[in-house]
Amino acid sequence: MAEYKQLTLNLPEGIVTGPMNEENFFEWEALIMGHEDTCFEFGVFPAILSFPLDYPLSPPRMRFTCEMFHPNIYPDGRVCISILHAPGNDPMGYESSAERWSPVQSVEKILLSW
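Under full-length UniProt numbering, the first residue of the sequence shown is numbered 1, with each subsequent residue one higher.
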């Protein structure tokens, strides 16, 4: 996956990510360090990214594997942010289509957005 190669050359500070194993590029693990000057500072948060077969046309799913309290994270760890929502219009009317997933989004943007 070209995106993985590009990401490894320029990983954002405080993030480590990549495929869980060499046979399956559709499941990645990530370690995200808590942002400075927040209640998450000094925390290390493991997560899993699951990519659909039609990626990048459809968004991946992201789930934290540790317990945490965050307004964009469900109790089971699933991440709910606009760029992880399927492309198109929001049936609830809260998000514009520009906020939702499109193939120009990236794993880096997802990992920086939580």
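We put the beta carbon where it would ideally sit given N, CA and C, even for glycine.
Treat the numbers as computed from the prediction; the structure is a model and nothing was measured.
- In the three-state DSSP reduction, serine 97 falls in the helix class (H, G or I).
- Following the DSSP letters along the chain, one finds glutamate 36 in no beta strand (DSSP E), marked with neither H nor E.
- Take the alpha-carbon of glutamate 13 and the one of methionine 92: they are about 35 Å apart.
- In this structure, isoleucine 73 keeps its C-beta atom at 8 Å or more from the C-beta atom of isoleucine 110.
- Per DSSP, leucine 49 lies in no alpha helix (DSSP H); the unbroken beta strand (DSSP E) holding it starts and ends at 44-50.
- By the Cβ-count criterion, leucine 49 is buried, with 16 or more other Cβ atoms from all chains shown falling within 10 Å of its own Cβ.
- By alpha-carbon distance to glutamate 67, the top candidate from Asp37, Ala47, Leu7 and Asn89 is Ala47.
- Apart from sequence neighbours up to five positions away, the residues of its chain that approach glycine 43 with a beta-carbon distance below 6 Å are Gly34, ordered along the chain.
- Assignment of valine 16 by DSSP, reduced to helix, strand and coil, places it in the strand class.
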